[in-house]
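Right, one structure below, let's go through it.
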Amino acid sequence: MPIIQFDNTYAQLPESFYSKLSPAQVPAPKLVRVNSDLAAKLSIDAYWLQSPEGLAIFSGNATAEGSEPLAQAYAGHQFGGYNPQLGDGRAILLGEVTGTDSRRYDIQLKGSGRTPYSRGGDGKAALGPVIREYILSEAMAALGVPTTRALAAVSTGETVVRQEGPLPGAVFTRVASSHIRVGTFQYIAARKDISELRALADHTIQRHYPSALESETPYIEFLNQVITAQADLIAHWMSFGFIHGVMNTDNTAISGETIDYGPCAFMDDFHPQCVFSSIDANARYSWGNQPNIALWNLTRFAETLLPLLADETEQATTIAQTALESFQEYFATLYMRHFRAKFGLPDTAADSLVQDGLSLLANQQIDFTLFFRKLTQVANGATKGDWLSLFTNQAEASDWFTGWETETTSAMKLEKMRTVNPI
Ligand code: AMP
Ligand code: MG
Numbered sequence: 011m012p013i014i015q016f017d018n019t020y021a022q023l024p025e026s027f028y029s030k031l032s033p034a035q036v037p038a039p040k041l042v043r044v045n046s047d048l049a050a051k052l053s054i055d056a057y058w059l060q061s062p063e064g065l066a067i068f069s070g071n072a073t074a075e076g077s078e079p080l081a082q083a084y085a086g087h088q089f090g091g092y093n094p095q096l097g098d099g100r101a102i103l104l105g106e107v108t109g110t111d112s113r114r115y116d117i118q119l120k121g122s123g124r125t126p127y128s129r130g131g132d133g134k135a136a137l138g139p140v141i142r143e144y145i146l147s148e149a150m151a152a153l154g155v156p157t158t159r160a161l162a163a164v165s166t167g168e169t170v171v172r173q174e175g176p177l178p179g180a181v182f183t184r185v186a187s188s189h190i191r192v193g194t195f196q197y198i199a200a201r202k203d204i205s206e207l208r209a210l211a212d213h214t215i216q217r218h219y220p221s222a223l224e225s226e227t228p229y230i231e232f233l234n235q236v237i238t239a240q241a242d243l244i245a246h247w248m249s250f251g252f253i254h255g256v257m258n259t260d261n262t263a264i265s266g267e268t269i270d271y272g273p274c275a276f277m278d279d280f281h282p283q284c285v286f287s288s289i290d291a292n293a294r295y296s297w298g299n300q301p302n303i304a305l306w307n308l309t310r311f312a313e314t315l316l317p318l319l320a321d322e323t324e325q326a327t328t329i330a331q332t333a334l335e336s337f338q339e340y341f342a343t344l345y346m347r348h349f350r351a352k353f354g355l356p357d358t359a360a361d362s363l364v365q366d367g368l369s370l371l372a373n374q375q376i377d378f379t380l381f382f383r384k385l386t387q388v389a390n391g392a393t394k395g396d397w398l399s400l401f402t403n404q405a406e407a408s409d410w411f412t413g414w415e416t417e418t419t420s421a422m423k424l425e426k427m428r429t430v431n432p433i
């Protein structure tokens, strides 16, 4: 009985979707961290994972039984400009495993060497960004945000050269519901082969949105569900002050999970145009612009599906537009729900109390996390002084506080505030 049971349904798709190849060998793999909880959920023995045999597989030095390693092809809009040929330039999909929840998960190595999609890159990863992705993705999972996960981080004994100079190399094992992106659909749609497009859509529906198959118009229902999942994701992000930083279409997973933790961050001082990535000069991917960009990315996704939505392009376009129109309102509802919970406000409280609270934060550029944390403490019986001390203009804060105080009383609300306002 093999200790890890891989199969690879993606490898059954047309050959144009990927390139089969093995990960690069590394000289001296050493385990940095293994996620035992996640391993258990995937029915992978965490002790075995740390053994020389496990380490060989999760560093790329050995291939597990049933694994058909491949690099996925995709395209993508990066900062608004289309690149027809991206793909896994530094990642290899080892295969899929079935979790204890009976769901299918991709196991992918990131930093595992060059692939046909590497372009000028070395296909490697440095240890720093690997640890960063490990911590951030696990933090997001703990906060209840849909996300890819971290199974293991292994240092390779190699040196990779980056702008900062030579750095220790590493391989990251990423777990995801799948790595199918908007960019995957863009890549296949651009090939203008309807059977390939249908194969990708059917595979993705089967994997992520099987309930769409019950609809009389499964592809329209698929589009609707992807739109809903993105709205849900972005509302989650924003409620934690999270800024993804690189919301390119190739970094937008169809599953609705957060993917690719690059120059992302949790905002400190609140202002809606806050940006962290130094390359995002136009604030395209600022905190407050994320819903607009999600809709822009979804529009690119809908365009790829047009041939499946209706026989006539005009009719298909109308269908896609109608579906996309639902995004704003659905997002706004979820966004308000998240922020009501953060402020500890009941459904009956006026929207303006939430909006004014956020304006107060923005006007004085208050630390986003501390604001909600200290407000939670006030709800827990602390005096308002500690919360008030965050502000320079305390009169403005007191005014809002008076309105908030009259709306907020129950113990249930406090529990809720605690769960959604982490330190
Ligand atoms: P990202 O910015 O991480 O989403 O990556 C965008 C594209 O660049 C993807 O196709 C990556 O696989 C590729 N890429 C990023 N870094 C490297 C690297 N060091 N070597 C090869 N390809 C890379
Ligand atoms: Mg990416």
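Using our numbering, the letters of the sequence shown map in sequence onto residues 11 to 433.
Beta carbons are placed, not taken as given, at the ideal position from N, Cα and C, and that holds for glycine.
As the structure is a computational prediction, the values presented were derived from the model and not from experiment.
- Item | Candidates M257, Q60, S205: closest to R191 by CA position | Of the candidates M257, Q60, S205, the one whose C-alpha sits nearest the C-alpha of R191 is M257.
- Message: Beta-carbon within less than 7 Å of M11's beta-carbon, same chain only, minus the 5 sequence neighbours each way: which residues are those?
- Response: Because the pLDDT of M11 is 44, which lies under 50, any placement of that residue in the model is unreliable, and the number read from its coordinates should be weighed accordingly. Hits under 7 Å: none found.
- Beta-bridge pairing of D260 - partner residues as DSSP gives them: D260 is not bridged to any residue.
- Task: Just mark E339 as buried or exposed, buried being the case when its beta carbon has 16 or more other beta carbons within 10 Å.
- Result: exposed
- Task: Note down, in chain order, each residue of its chain lying with its Cβ closer than 7 Å to the Cβ of R383, except the 5 sequence neighbours on either side.
- Result: The beta carbon of R383 lies closer than 7 Å to those of N431, I433 in the same chain, with the five residues before and after it left out.
- Task: Measure the C-alpha to C-alpha separation of T496 and F252 and round it to an integer number of angstroms.
- Result: Because the chain is modelled from 11 through 433, residue 496 falls outside the range shown and cannot be assessed.
- Query: In terms of alpha-carbon separation, which member of Y345, A50, W297, A34 lies closest to A135?
  - Reply: Relative to A135, the option among Y345, A50, W297, A34 whose CA is nearest is A34.
- Within the same chain, show all residues whose beta-carbon is closer than 8 Å to that of E303, passing over the 5 residues directly before and after it, in chain order. The residue asked about is misnamed: residue 303 is Ile in this sequence, not Glu. So the list reads M257, R294, Y295, once near-sequence residues are dropped.
- Task: In angstroms with no decimal places, state the Cα-to-Cα distance between P228 and Y57.
- Result: The straight-line gap from Cα to Cα measures roughly 43 Å.
- In the structure shown, what three-state DSSP assignment does L223 receive? helix
- Task: Please classify N18: is it buried, with 16 or more other beta-carbons within 10 angstroms of its beta-carbon, or exposed?
- Result: With 16 or more other Cβ atoms within 10 Å, it is buried.
- Message: Could you check whether A312 and A320 sit closer than 9 Å to each other, using their CB atoms as the reference points?
- Response: no
- Are M277 and W297 touching if we call contact CB-CB under 9 Å? yes
- Task: Give me whichever residues DSSP pairs with F182 in a beta bridge.
- Result: K120, A163
- Between V350 and the rest of its own chain, which residues show a CB-CB distance below 8 Å, the 5 nearest in sequence each way excluded? A quick correction: the sequence has Arg, not Val, at residue 350. Excluding sequence neighbours, R350 sits near P356, D357, A359, V364.
- Item | DSSP state of H87 mapped onto helix, strand, coil | H87: strand per DSSP, three-state reduction.
- Segment contact, 8 Å Cβ cut-off, at least three pairs: the segment 33-51 with the segment 153-164: yes
- Should D270 be labelled buried (16 or more other beta-carbon atoms within 10 Å of its own) or exposed? buried
- Item | Beta-carbon separation (whole angstroms), T386 vs R347, contact threshold 8 Å | At roughly 17 Å, the Cβ-Cβ gap does not stay under 8 Å, so T386 and R347 are not in contact.
- Query: The alpha helix (DSSP H) spanning R383 covers which residue range?
  - Reply: 378-389
- So is the beta-carbon of D471 under 8 Å away from any non-hydrogen atom of ligand 1? Because the chain spans 11 through 433 in this model, residue 471 falls outside it and cannot be assessed.
- Message: ligand 1 and S53: does the residue's C-beta get closer than 8 Å to at least one heavy atom of that ligand?
- Response: At a threshold of 8 Å, S53 does not count as near ligand 1, since its beta carbon sits no closer than that to any of the ligand's heavy atoms.
- Task: With 9 Å as the threshold, decide whether the Cβ of A342 is near any Cβ in chain D.
- Result: Chain labels in this structure do not include chain D; a single protein chain is all it has.
- Taking 8 Å as the line, does the beta carbon of Y340 fall inside it for any heavy atom of ligand 1? no
- Same chain, Cβ closer than 6 Å to I459, neighbours up to 5 away in sequence not counted: Not covered by the structure: residue 459. The range shown for the chain is 11 to 433.
- Message: Less than 6 Å between C-beta atoms, sequence neighbours within five positions excluded: which residues of the same chain meet that for K30?
- Response: In the same chain as K30, and ignoring 5 residues on each side of it, the C-beta atoms closer than 6 Å to its own belong to L80, in chain order.
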